[in-house]
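Chemist:
Below, the structure written as structure tokens:
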């Protein structure tokens, strides 16, 4: 069933590859039972028998009562706002700050409540794509666990009291006052900060955040004399080298990076960059790399020194003469960099030390990257955030701080452990915490003020390209909260004078009570964009979400003299064999630094690589595990020798990790996050494990010399790794029969760029584009005319004639014919589509326990396959393919033929419709679906057990549930218990766009309908549309020679096609990487 | 212990009991069927409204166009109950709000008190205020996505689903609005298609009363080809 690795092996989990007997058994069971154990869950409260008894009784009573639905009231506006049409969603441009930059967004609002966030396509450096964080942010807005009122000394208070108290404590000149905030790129907040420090000259201001780009700023300062932010234009680079960096994965500017990266990787347009990634933790970027070189973080300095030496040498190194695989990759990298001067870029991650960063800047400079592939942005010259918070701790210890104001952030949880922030803060006489949640920091502060969500406040931010973004509130603060801007404005005590009366009348009646915050933002902008017609400029900026042409950059920097790292240039060449480990702290793709801990969508999102949900883990490579005798899920204690701290973490074995490196996500183990992320006071266990306890000022990004002690306790991960597998067992046999003896028709197809180009040339020359026969392959007459157009990478075709077994009384070729294509070459597995689908389609969260039972409800899953070659799975040449799978909308759908109640039927436009109201939950359709894309509601996840099923709470109060309901998309039915559901191709968007076009008496335009996953995709891997529109991007994708359908031999005619992935290995290295060789039959 | 056997005469009742059981079950099934039938449940539903608004007077005698109040019907899924301000245009007790003054018809009328209270609560446009809570008459299940604009723009008149509202003192449900009822029209739309300009003319009759040919002509002109796929209405 599960084969030993051969020359080319795709596998989902490590156990599957090595043939763990236990897992083989489990896998067999998984194939037998698609939906995991079907027995009633113990958490259900009612036994099946009891339930039947109750149902019998209620049926009897129910039928006695009248059968009309309950009385429903309609509450129209008293005065309907101008241009508001009930039932038509409205879109507003806004922006949020995340990870040190502003992000331009487009919010969809229904009846005054925002329900969806996407990228702002009007912004010159943004498309409609976004990332998982952006998509999930909306859930925080409606989180019932948000702090709802200010508190003073343990009692509930109101904002008037709190602001009065704050003013009193700050006093007249700010003596003994300290402010701790997160660093921000908001011009208004920074202006108010300056004004605050002018008005209270004795006050001190500190900035801290868990994941800052301190090292980049310090590095650029070393290299160029002043700190700057570097923005990489990936589409301009032919050779990309990432060093411990994840620019297209967990990065504030990931959507733009991903879009540019994908644009520079368009095999059909004959543009193909080559990506080398050198890193300790296998990242999204690493999984997209053509050459992935796992290297311990501690070896990175030596690697960079070695690289600079080679670049300075100016001579390409012969790949053939290199000793080891890693040296071969190094040699190829050097040759490529030298050959493409001016078209290359080296990218540093935030974990690399300033010295290494500076050295990389120098290499970039030598290779002519500045102003070619990198542009630099202005940055504030400040001490690193770790230094700042250490200083604050010192001031508090020296009793120099009597009053502390904390704006946002969660220093008690996130600050270096050696500062003992909880004790330190509790020593301050008067401390006030302003935050979205009553979190760990709020608990040790004397008073607390509830902050407004970004979507409830006015603001302004600098985008990644330096453009000036405007944030407008989408909704009045739900709990009367205030934004930091308003609190600061109150403290500064200056209400900016109106610039003219015109503005006053224009905004009259709009956003009552928020006027002053908006004015502050406007006044800041006016000083930058002064113009006699500023009112128009401002109105346009609020409408667009940014000021036009406000993007800027600095001139290409000049190097200053510095030594850089002097590490041994050979140190990186040896692999780890045994001994001490290094522990690397990484940002989580779910909770980031812990700020999204209470966000159920992100918690339940299967990790792009590990497929873990609701957890973090200590990720180690298979070799590390073998050497240390670690097993999957085993608890291990990690001792940091230098500081004497230790932490106990469960181990996850992750191929592609650097040997001797342990990577752990930050942001888990929150004790006061809420009912989702953990709240020990309410008896809700924390999600994951807090690794912050060994993260100190000395060991901020990684802890070297870590000793590991195994323990016998085992931990239960909720991983979706083996869930919803397409049946490999049956597939192999069918393949053998239908494709001929040689025929393995893989689920994921890929080949090399060189081979693809070669193939294209051959086909253009030999046959011409219209030739429909495969190359050098003639089967004679008995195959009839069922050879499709030639396909790459494999030109095989079915050995029998597909027949229409279910003739219809209508023609699927009349009218619209919806289809989708997913380009595996562009898909980076970033998960934005999964959350976008969840937000769009009201998909509930099920909780860790249910995920462990295989009951997650995501309509879209991303299948991640590791690709290994036969000799070993430990080493450099592990690769990954990501494949998003949702309903394929088969024209001859196997699910439809087995439904006893016709609850899933075909629409005339080729959609596989799901009629929830007819569904009686036999789950036959799910069993018969070869793609395993159907999901079953085991419980009323959306009603009885609360919309967000808090795993440790039975029910949510009615008020909380109504709050959560505000987030629902009214265009999609909320499913109840016992009902199947699956991807509908966003039929609500199809229908509404069709109706709109008909109302406007026109045809649908090409590419007019954007489905949710397509809209969210930053790299534009997904296309959707009408297969009859020959000029549409979709049809072009379906006609691409790389296109193929999943499980074609099953005769299902899926409407979703995949485009084979193209890898671009260095020509001298192709032989090394058997998995990537094009396999031709 | 001796086994107990039913005496033979009991056998006579077996048939009677089976027959009786079947009759009871059948009776209950019939009751259930008719009791829950959309015609039973929906037709004639006529809830009491907070203001006894008469469509007969406004739409009938005064000949106000439906879209004077239900003005989003061309653009949106909802025909939209009008904001109180629309009532205020005539019954606003002579108050002036930005851009317009509100009318003075029936300024003292008691039945119009909720309208005036609603306007008052909003301080005539200064704040959101309290709406008049109207009671929904035509209530489709939540899993049905009916779109008014898709029908109105395609020549389906209000009267096809709502009946002669212009003759109703109090609005009541005249059509079953069951799925079969919807599908009947989606399968044979011709009888309900007219010039889209005339959709709010509830008393409209085609020339010569010949719906069949008139409807067919317009259905062809408007390229009406209603879908009966599930996802047309259910999402």
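Chains as they are written, first to last, in the working numbering: chain L, 3 to 1083; chain H, 11 to 245. Heads up, the beta-carbon is just placed ideally off N, CA and C, and yes, glycines get one too.
1) Give a yes or no on whether the minimum CB-CB distance between residue 508 (chain L) and chain H is below 8 Å.
2) Only counting runs of 4 or more residues, tell me where the alpha helix (DSSP H) segments fall wholly within the region 619 to 666 of chain L, in order along the chain.
3) Does the distance from the C-beta atom of residue 178 (chain H) to that of residue 77 (chain H) stay below 8 Å?
4) Below 9 Å on C-beta distance, what does residue 902 (chain L) contact in chain H?
5) Take the Cβ of residue 37 (chain H) as the centre, count every other Cβ of all protein chains shown within 10 Å, and call the residue buried at 16 or more, exposed below.
6) Consult DSSP for residue 263 (chain L) and reduce its assignment to one of helix, strand or coil.
7) For residue 989 (chain L) and residue 211 (chain H), which I take to be in contact (beta-carbon distance under 8 Å), what is that distance rounded to the nearest angstrom?
8) Quick check on residue 240 (chain H) - is its C-beta less than 8 Å from some C-beta in chain L?
9) Can you grab the Cα-Cα spacing for the pair residue 380 (chain L) / residue 229 (chain L), in whole Å?
10) Quick check: the region 400 to 415 of chain L against the region 436 to 456 of chain L, are there 3 or more CB pairs under 8 Å?
11) Note down the Cα distance separating residue 901 (chain L) from residue 671 (chain L), rounded to an integer number of angstroms.
12) Looking at C-alpha atoms only, which residue of L:397, L:351, L:616, L:882 is the closest neighbour of residue 600 (chain L)?
13) Could you give the residue range of the alpha helix (DSSP H) that holds residue 991 (chain L)?
14) Give the single residue among H:123, H:75, H:135 whose Cα lies nearest to the Cα of residue 111 (chain H).
15) So if I threshold CB-CB distances at 7 Å, which residues from the region 995 to 1021 of chain L count as touching chain H?
16) Check whether the Cβ of residue 129 (chain H) lies closer than 8 Å to any Cβ atom in chain L.
17) Counting only Cβ pairs nearer than 8 Å, list the residues of chain L close to residue 167 (chain H).
18) Would residue 143 (chain H) count as contacting chain L if we go by Cβ distances under 8 Å?
19) Let me see if you follow: with CB-CB separation under 8 Å, is residue 79 (chain L) close to chain H or not?
20) Are the C-beta atoms of residue 90 (chain L) and some chain H residue less than 8 Å apart?
21) Is any beta-carbon of chain L found at less than 8 Å from that of residue 99 (chain H)?
22) Name the residue from L:384, L:382, L:383, L:413 whose alpha carbon lies nearest to the alpha carbon of residue 395 (chain L).
23) Can you find a CB in chain B that lies within less than 8 Å of the CB of residue 919 (chain L)?
24) I'd like the list of long-range same chain contacts for residue 109 (chain L), defined as Cβ closer than 6 Å, with 5 residues on each side in sequence excluded.
25) Does residue 953 (chain L) have its Cβ less than 8 Å from a Cβ in chain H?
26) Note down, in chain order, each residue of its chain lying with its Cβ closer than 6 Å to the Cβ of residue 195 (chain H), except the 5 sequence neighbours on either side.
27) Keeping to the same chain, check which residues put their C-beta closer than 7 Å to that of residue 112 (chain L); ignore five residues upstream and five downstream.
28) From residue 219 (chain H) to residue 200 (chain H), what does the alpha carbon distance come to, in whole angstroms?
29) I need the straight-line Cα distance from residue 190 (chain L) to residue 254 (chain L), nearest angstrom please.
30) For residue 111 (chain L) and chain H, any beta-carbon pair shorter than 8 Å?
31) Just confirm the distance between the C-beta atoms of residue 333 (chain L) and residue 321 (chain L), as a whole number of angstroms; I'd bet it's less than 8 Å.
32) Consider the Cβ of residue 29 (chain H): report whether some Cβ of chain L lies at a distance smaller than 8 Å.
33) Could you work out which residue in L:666, L:1013, L:598 is closest to residue 619 (chain L) when comparing CA atoms only?
34) Considering only C-alpha positions, which residue in the set L:982, L:555, L:690 is nearest to residue 915 (chain L)?
35) My understanding is that residue 347 (chain L) touches residue 555 (chain L), with C-beta atoms under 8 Å, so please give their C-beta distance in whole angstroms.
36) Quick one: give me the first and last residue of the beta strand (DSSP E) that residue 753 (chain L) is part of.
Modeler: On the basis of the data shown:
1) Position 506 of the first chain, counted from the start, is the residue given in the question as residue 508 (chain L). For residue 508 (chain L), the predicted structure reports a pLDDT of 43, less than 50, and the residue's modelled location is therefore unreliable. The matter cannot be settled from this model.
2) If we require 4 residues or more, the alpha helix (DSSP H) runs fully inside the region 619 to 666 of chain L come out as 624 to 630.
3) Along the second chain, read from residue 1 onward, the residue named residue 178 (chain H) stands at position 168. Along the second chain, read from residue 1 onward, the residue named residue 77 (chain H) stands at position 67. With a cutoff of 8 Å on beta-carbon distance, residue 178 (chain H) and residue 77 (chain H) are scored as not near each other.
4) Taking the first chain and counting its residues from 1, the one referred to as residue 902 (chain L) is at position 900. Listed along chain H, no residue sits closer than 9 Å to residue 902 (chain L) by beta-carbon distance, the nearest being about 16 Å off.
5) Position 27 of the second chain, counted from the start, is the residue given in the question as residue 37 (chain H). Only exposed fits residue 37 (chain H), as fewer than 16 other CB atoms lie within 10 angstroms of its CB.
6) Position 261 of the first chain holds residue 263 (chain L). DSSP places residue 263 (chain L) in helix when its eight states are reduced to three.
7) On the first chain, position 987 is the one that residue 989 (chain L) refers to. On the second chain, position 201 is the one that residue 211 (chain H) refers to. Not quite, the Cβ-Cβ distance comes to about 34 Å (not below 8 Å), so this is no contact.
8) Here residue 240 (chain H) is taken as the residue at index 230 of the second chain, counted from 1. Chain L contact via Cβ: present.
9) By one-based count along the first chain, residue 380 (chain L) stands at place 378. By one-based count along the first chain, residue 229 (chain L) stands at place 227. Rounded to the nearest angstrom, the two C-alpha atoms are 8 Å apart.
10) The region 400 to 415 of chain L is in contact with the region 436 to 456 of chain L.
11) If you number the first chain from 1, residue 901 (chain L) lands on position 899. If you number the first chain from 1, residue 671 (chain L) lands on position 669. Rounded to whole angstroms, residue 901 (chain L) to residue 671 (chain L) spans 44 Å at the Cα level.
12) Position 598 of the first chain holds residue 600 (chain L). Distances from the CA of residue 600 (chain L) to each of L:397, L:351, L:616, L:882 were compared; the closest alpha carbon is that of L:616.
13) Residue mapping note: residue 991 (chain L) aligns to position 989 of the first chain, counting from 1. Run containing residue 991 (chain L): 989 to 1001, per the alpha helix (DSSP H) assignment.
14) The count along the second chain starts at 1 and reaches residue 111 (chain H) at position 101. Residue H:135 is the option with its Cα nearest to residue 111 (chain H).
15) Listed in sequence order: 997, 1000, 1001.
16) For this step, residue 129 (chain H) is matched to residue 119 along the second chain. Yes, because at least one Cβ of chain L sits closer than 8 Å to the Cβ of residue 129 (chain H).
17) In the second chain, counting from the first residue as 1, residue 167 (chain H) sits at position 157. Residues of chain L passing the Cβ test: none, with the nearest at roughly 16 Å.
18) As a working mapping, residue 143 (chain H) is identified with position 133 in the second chain. At a cut-off of 8 Å between beta-carbon atoms, residue 143 (chain H) makes contact with chain L.
19) By one-based count along the first chain, residue 79 (chain L) stands at place 77. Interface with chain H (8 Å Cβ-Cβ cutoff): residue 79 (chain L) is included.
20) For the purposes of this step, residue 90 (chain L) is taken as residue 88 along the first chain, with counting starting at 1. So, interface residue.
21) Start at 1 with the first residue of the second chain, and residue 99 (chain H) comes out as number 89. Cβ-Cβ to chain L under 8 Å: no for residue 99 (chain H).
22) Here residue 395 (chain L) refers to the residue found at position 393 of the first chain. Out of L:384, L:382, L:383, L:413, L:413 has the C-alpha closest to the C-alpha of residue 395 (chain L).
23) Chain labels in this structure do not include chain B; the protein chains are L and H.
24) Locating residue 109 (chain L) in the first chain gives position 107, counting from the first residue. Leaving aside the five residues that flank residue 109 (chain L) on each side, the residues in its chain whose CB is nearer than 6 Å to its CB run, in chain order, 94, 96, 116, 119, 476.
25) Stepping through the first chain from its first residue, residue 953 (chain L) is reached at position 951. Note on residue 953 (chain L): pLDDT 47, under 50, position unreliable in the model; the coordinate value appears next. So, not an interface residue.
26) As a working mapping, residue 195 (chain H) is identified with position 185 in the second chain. Around residue 195 (chain H): 202.
27) Along the first chain, one-based indexing puts residue 112 (chain L) at 110. The residues are 91, 972.
28) To locate residue 219 (chain H), count along the second chain from 1; it is residue 209. To locate residue 200 (chain H), count along the second chain from 1; it is residue 190. Each residue's alpha carbon lies about 14 Å from the other.
29) Residue numbering aside, residue 190 (chain L) sits at position 188 when the first chain is read from its first letter. Residue numbering aside, residue 254 (chain L) sits at position 252 when the first chain is read from its first letter. Across the structure, residue 190 (chain L) and residue 254 (chain L) are spaced so that their CA atoms are roughly 21 Å apart.
30) The residue given as residue 111 (chain L) occupies position 109 in the first chain. No, because no Cβ of chain H sits closer than 8 Å to the Cβ of residue 111 (chain L).
31) Your numbering for residue 333 (chain L) matches position 331 in the first chain. Your numbering for residue 321 (chain L) matches position 319 in the first chain. Their Cβ separation, rounded to whole angstroms, is 5 Å, which keeps residue 333 (chain L) and residue 321 (chain L) in contact under 8 Å.
32) The residue labelled residue 29 (chain H) in the question sits at position 19 within the second chain. Output row for residue 29 (chain H): interface = no.
33) The count along the first chain starts at 1 and reaches residue 619 (chain L) at position 617. Ranking L:666, L:1013, L:598 by Cα distance to residue 619 (chain L) puts L:666 first.
34) Locating residue 915 (chain L) in the first chain gives position 913, counting from the first residue. Residue 915 (chain L) has its Cα closest to that of L:982, out of L:982, L:555, L:690.
35) In the first chain, the residue the question calls residue 347 (chain L) occupies position 345. In the first chain, the residue the question calls residue 555 (chain L) occupies position 553. Beta-carbon to beta-carbon, residue 347 (chain L) and residue 555 (chain L) are separated by about 15 Å, too far to satisfy the 8 Å threshold.
36) What you label residue 753 (chain L) is simply residue 751 of the first chain in a count that begins at 1. 752 to 754 is the extent of the beta strand (DSSP E) around residue 753 (chain L).
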